Every structure is written in C-alpha cells, then in structure tokens.
Amino acid sequence: MQPKKLIAHSRAIRPVMFMFCLALADPAFARVGGAGGHSSHSSSSGSGGGGGGFFFFTDSPVLNFLIIAIVVIYYIVKYLNKQSNNNETNSAAVPMTNAVPFPGGLDEEKVASSFLAIQDAWQRKDLKNVRKWLSDGMYQRLTTQFKMMNALGQSNVLSNISIERITAADTNTEGNYQTAEVAISFTMNDSFVCSKFPSLNESYQGDSDTEFWTFIKRTDAPNEKNLYDNNNCPNCGAPFEVKMGEISRCSNCNTLTNSAAYDWVLSEITQQDDYTGGAGMSNEQALATLMAGDPFFSAQRMEDIASNVFMQIMEVLSISDKKKLTRFADEPTVDAVMKYKQGLKPFVFDRLYLNSATLDNCDVAGDVVKLHFDLRCTYRRVSTEGRLQILDNDFVTTSFALELSRNKIVAQKAEFVYSHECSFCGAPYTDTTDDHCTYCDAPVIDIKKNWVLTGVTLG
Ligand SMILES: [Zn+2]
Ligand SMILES: [Zn+2]
11 MQPKKLIAHS
21 RAIRPVMFMF
31 CLALADPAFA
41 RVGGAGGHSS
51 HSSSSGSGGG
61 GGGFFFFTDS
71 PVLNFLIIAI
81 VVIYYIVKYL
91 NKQSNNNETN
101 SAAVPMTNAV
111 PFPGGLDEEK
121 VASSFLAIQD
131 AWQRKDLKNV
141 RKWLSDGMYQ
151 RLTTQFKMMN
161 ALGQSNVLSN
171 ISIERITAAD
181 TNTEGNYQTA
191 EVAISFTMND
201 SFVCSKFPSL
211 NESYQGDSDT
221 EFWTFIKRTD
231 APNEKNLYDN
241 NNCPNCGAPF
251 EVKMGEISRC
261 SNCNTLTNSA
271 AYDWVLSEIT
281 QQDDYTGGAG
291 MSNEQALATL
301 MAGDPFFSAQ
311 RMEDIASNVF
321 MQIMEVLSIS
331 DKKKLTRFAD
341 EPTVDAVMKY
351 KQGLKPFVFD
361 RLYLNSATLD
371 NCDVAGDVVK
381 LHFDLRCTYR
391 RVSTEGRLQI
401 LDNDFVTTSF
411 ALELSRNKIV
421 AQKAEFVYSH
431 ECSFCGAPYT
441 DTTDDHCTYC
451 DAPVIDIKKN
461 WVLTGVTLG
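Letter 346 of the sequence shown, counting from 1, is numbered 356 in this note's numbering, and no numbers are missing.
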C-alpha cells in the first residue's frame, strides 16, 4: 500500500549513502533537504529506478578518484547490505515488540479488514470505501500520492497479499483520545507500473515487512458502533453515501464519521525502521496541562493535522497553486513557501512518502500556543518537461519543520474538519479562493479559532 519499498531494508549503509548524496546529489536538492539527512534506499529485487545517477566529475583527478572510490564503496556496501537483508527477509515478519492486549472495540479482525481494504483502495487509487475510517491526515497522505502518481501515469499493483501476524504493540490514552499502535506483518507482490515512463517501473516479489498502524478513538465513543462491518452512518443509520472526498460526512445527518467519535480511525502508518515505540515529546505533560481546557486536543490529532498540512505544502511545491496554502497558513508563511517554490525547477514526485510526523515541543506566547513538528519524508523528484529526467539520483529522506499556532482555549462544541469548514459557524468552505466564510464572514485563517500554519522550514 504505502510505497513501503522506499524505506524498507535500509540499515547499515546510511553514513556511506550520506556521503554519496553529498558528492552526487542534484544541487537543487540540497536546498530541499535542509537538515541534511540521508538517503533511504530500496533494496530487494527491484528492476531499478531507471535513470542511474547524476555524476559530477571535476577537473581534479584526485577529486574524481575520490568520487569514484565513494561510488564503488557505496555499491559494495549496498550489495553486502542487500545480501544481509535477503537473509533477514524471512524473519522480518515477526514484529520486534512485545504485544499488549487490544483496547476495547479494536481487534485483529478489524485491523485485518482495514489493512486489506486499504491495500485494495490504494492500488485502485480510490478511497471511497475506506474514507469513513481514515483520518484527514491519512487521507491527505494518500491523496497527494495519487495526484503525483496520476501526473506520471503510475499505479501500484499489489497481489498475493497475505497477513502473517497482527499484534497490538502499544496503547495510550491522552485527554479524550485513545491511541493504539498495531504491528502488522505481511507479505505481498508489489509493482510500481508507470505507463508514461516505463523506466520508472519497479517490482518486488514476495516482499515481507512489518508496519505499525496507529488507530485513534475518543474515550467517550460508544463501543457497540462498528464502522468496519457495514456501510451505514454510525449516527443516523442511513446508508452511507460515498460522494465524500476530503470530508467524511453523512449526507443525511451531517455527522463526521472519521472524527474518532464512533470507532477506531486509522491515523498513521509507520514503517518498522521509523517506529520509535510511541515515544512522546519531552514536555508532553506540560502541554497536556496547557491544553486541558480543549476536549478535542491530543498530540496524535495534532500530528495528523501536521501531516495533512505538510502533504498539501508538498503538493503546492510540486503541481498545485498557492490557493491551497491560504486555507491554513498565515500570509508570511504562504509567501515564504511560494518564494521557495520559485527557486525550484518544476518537478513531480515520482515517490513521496511521509515517514513520520512528530510533535516535538511547544511554547506559549501570551494566549497563543505554538506547536513545533518534525516531519520526515522520503521522496524522489522527476522533471517531465520534454523528456523524463530524474532529479534525485536516489530516494531522499529528509526532515522538515512546521509550526502550528492557536489560542490556548477556543469555545468549540464539536470537532471541526481542519481547513475544510468554518471554525466559527461550521459551514463548509465553498469557494476555495475566499478568505472569509461565505455564511458568517469569519476569516478562514484565525488563530483565535483554529490552528494556523505560522512557520515552515523547507531547507
Ligand atoms: Zn447520518
Ligand atoms: Zn462561518
């Protein structure tokens, strides 16, 4: 489903690959990266990303020798690493965590049906059957990838999917939300097929891996509701109309189904290599005290919002225009992103994968709380102007920082859909270019009402 091949099996080779990137990366890329980072690499039996790399030779024989030496060492280490990964493959299906009991309302069966339905939705690039239990952040992660894949005529064909094992790895309660991290071990055949540019094709047979799926649910959610075994609205019982796109709302009674108020909702997928075992921010308790007056606050929800915002920024850097940003970012931040975009050669993400979205720390200035997020993302960019050109010679994994700000306490009676509806009257935003609600005239960006992107570090 998620292009897990991007991150799978990259272990010992990172320092060498970092040198490799420094020596060979596209100059434009160093700016995207910012906080350095390493390249995460796909291994296994892929037929290669095509395109090779960008080799920068210099006038200096010594430097050229060094570059060649680094490349040779890189390939040797890569080869050795691949061999050791092949040996590991058989054991990769066993999660390296201790199992805990599943929390109420979540079980192996529900996770399995969610897993299989999402694989199916992913390869068909159609989320309508799973939208009702996808968080907005999760929806955005997938949707942004679909847009990129469509721009390149790409699809990800999966077959022979077999779930080996499902275990609850960690559970937690924070404010009014519970989270559950579930380890899913599976095997599948996995092919990226690119109709426009066959050189981008990749395929993996019998790929075996473990992913951690994070589900979230409100503590006051009724336990008897089930979003997974029927297609009715959990509130009014009406058959669920699936014209929903960005917003998962019942057309009959207006209930948001994916607000975690009814059932466990999928909010994050983390690869085994990125999984930190539910480690939280250092001043978590201080933040919990600070936000105690907001019944809709939780770190997991905020990370979901941050991942939603991040994927939309990536979309704007690539193929979308600035309108998207004006829905959630203040003016200086919109300007900063657009200025950054102007310095980039136009590109499409051949791969774009969010490794993690982590709430790092917070600070308070008067009434305003500022939350700082670290986002790690793996990508490879291509240019399709004229002929296909691969801009990053390898998959690149790098960190970005976001800051979301809002008043400490807002008078909020229900959970709003972040950036899709007025946080004052709840009306959906109909005109995406309008910076005021068409019903109540409240400004779309309002730090007193909703989280606003007030800072971003892209490079
Ligand atoms: Zn309903
Ligand atoms: Zn309004």
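Virtual Cβ for every residue (Gly too), placed ideally from N, Cα, C. Note that the coordinates shown come from a computational prediction; the quantities given were computed from them, not determined experimentally.
query: Looking at the structure shown, is S54 part of a helix, part of a strand, or coil, going by DSSP?
result: Translated into positions along the sequence shown, residue 54 becomes position 44. Confidence is the limiting factor: at S54 the pLDDT is only 31, short of 50, which leaves the residue's position unreliable, though a coordinate-based value still follows. Coil.
field: Touch test, the stretch 187–195 against the stretch 112–121, Cβ-Cβ under 8 Å, three pairs minimum
entry: yes
- request: Tell me whether W274 sits in a helix, a strand or coil according to DSSP, three-state version.
  value: The residue given as residue 274 occupies position 264 in the sequence shown. Residue state, collapsed to three classes: coil.
- request: State the beta-bridge partners of E221 as determined by DSSP.
  value: Walking along the sequence shown from the start, residue 221 turns up at place 211. DSSP output for E221 lists I194 and Q281 as bridge partner(s).
- request: Could you pull the start and end residues of the beta strand (DSSP E) that E294 belongs to?
  value: As a first step, residue 294 must be located in the sequence shown, where it is residue number 284. Taken as a continuous stretch (DSSP letters only), E294 belongs to no beta strand (DSSP E), being part of the alpha helix (DSSP H) at E294 to L300.
task: Confirm, please, whether the CB-CB distance from Y363 to Y389 is below 9 Å.
output: Numbered from its first residue, the sequence shown carries residue 389 at position 379. Numbered from its first residue, the sequence shown carries residue 363 at position 353. Their beta carbons are under 9 Å apart, which means Y389 touches Y363 by this criterion.
message: Taking the beta carbon of R391 as the centre, do at least 16 other beta carbons fall within 10 Å, making it buried, or is it exposed?
response: Locating residue 391 in the sequence shown gives position 381, where the first residue counts as 1. It counts as buried.
task: Could you tell me the distance, in whole angstroms, from the CA atom of V319 to the CA atom of Q281?
output: On the sequence shown, residue 319 is found 309 positions in, with the first residue counted as 1. On the sequence shown, residue 281 is found 271 positions in, with the first residue counted as 1. Between V319 and Q281, the C-alpha separation is close to 21 Å.
message: So for E431, helix, strand or coil by DSSP?
response: As a position in the sequence shown, residue 431 is number 421, starting the count at 1. DSSP places E431 in strand when its eight states are reduced to three.
- prompt: Heavy atom of ligand 2 less than 8 Å from the Cβ of D451, yes or no?
  reply: Numbered from its first residue, the sequence shown carries residue 451 at position 441. True, at least one ligand heavy atom lies under 8 Å from that Cβ.
- request: Leaving aside the five residues before and after N242 along the sequence, list all residues of the same chain whose C-beta is less than 8 Å from its C-beta, in chain order.
  value: The residue labelled residue 242 in the question sits at position 232 within the sequence shown. Once the five neighbours on either side are set aside, the close Cβ partners of N242 are A248, P249 and F250.
query: For the beta strand (DSSP E) that I173 lies in, which residues bound it at each end?
result: Here the question's residue 173 lines up with position 163 in the sequence shown. Q164 to E184 is the span of the beta strand (DSSP E), which, as asked, contains I173.
- prompt: Can you check whether the CB of F306 is closer than 9 Å to the CB of N186?
  reply: Residue numbering aside, residue 186 sits at position 176 when the sequence shown is read from its first letter. Residue numbering aside, residue 306 sits at position 296 when the sequence shown is read from its first letter. Contact: yes.
query: In whole angstroms, what is the alpha-carbon distance linking C450 and G436?
result: Working through the sequence shown from its first residue, we reach residue 450 at position 440. Working through the sequence shown from its first residue, we reach residue 436 at position 426. Distance between the alpha carbons of C450 and G436: 9 Å.
In chain order, each alpha helix (DSSP H) run of at least 4 residues that lies wholly inside the stretch 339–399: 341–352
task: State the CB to CB distance for the pair D284 and N365, rounded to an integer number of angstroms; the pair is presumed to be in contact (CB under 8 Å).
output: Indexing the sequence shown from 1 puts residue 284 at position 274. Indexing the sequence shown from 1 puts residue 365 at position 355. Right, their Cβ atoms sit about 5 Å apart.
query: Less than 9 Å separating the beta-carbons of K206 and L398?
result: By one-based count along the sequence shown, residue 206 stands at place 196. By one-based count along the sequence shown, residue 398 stands at place 388. Yes, Cβ-Cβ distance for K206 and L398 is below 9 Å.
query: Where does N417 fall in DSSP's three states?
result: Numbered from 1 along the sequence shown, position 407 holds the residue referred to as residue 417. In this structure, N417 counts as strand in the three-state DSSP scheme.
Short Cβ contact (9 Å threshold) for V110 with A178: Position 100 of the sequence shown holds residue 110. Position 168 of the sequence shown holds residue 178. It is a contact, given that the beta carbons lie within the stated cut-off.
task: Give the DSSP-derived three-state secondary structure of F250 in the structure shown.
output: Indexing the sequence shown from 1 puts residue 250 at position 240. It is coil, neither helix nor strand.
- prompt: Nearest to T407 by CA position, among V326, L385 and V462, is which residue?
  reply: Residue numbering aside, residue 407 sits at position 397 when the sequence shown is read from its first letter. Nearest C-alpha to T407: L385.
field: Sequence-distant residues of the same chain with beta carbon closer than 6 Å to V326, five excluded per side
entry: One-based indexing of the sequence shown puts residue 326 at position 316. Closer than 6 Å at the Cβ level, and outside the excluded window around V326, lie K334 and L335.
- prompt: Going by the C-beta, is F434 closer than 8 Å to any heavy atom of ligand 2?
  reply: Mapped onto the sequence shown, residue 434 falls at position 424. Yes, the Cβ of F434 comes within 8 Å of a heavy atom of ligand 2.
- prompt: Does DSSP put L237 in a helix, in a strand, or in coil?
  reply: Along the sequence shown, one-based indexing puts residue 237 at 227. Correct three-state label for L237: coil.
query: Should C432 and F410 be called a contact, given that it needs their Cβ atoms to be closer than 9 Å?
result: As a first step, residue 432 is located in the sequence shown; it is residue number 422 there, counting from the start. As a first step, residue 410 is located in the sequence shown; it is residue number 400 there, counting from the start. Not a contact, by the Cβ cut-off of 9 Å.
- prompt: Is it true that the stretch 222–241 meets the stretch 196–211, where meeting means three or more beta-carbon pairs spaced less than 8 Å apart?
  reply: no
query: Does the separation of the CB atoms of W461 and M312 fall below 9 Å?
result: For the purposes of this step, residue 461 is taken as the residue at position 451 of the sequence shown. For the purposes of this step, residue 312 is taken as the residue at position 302 of the sequence shown. Yes. Within cutoff.
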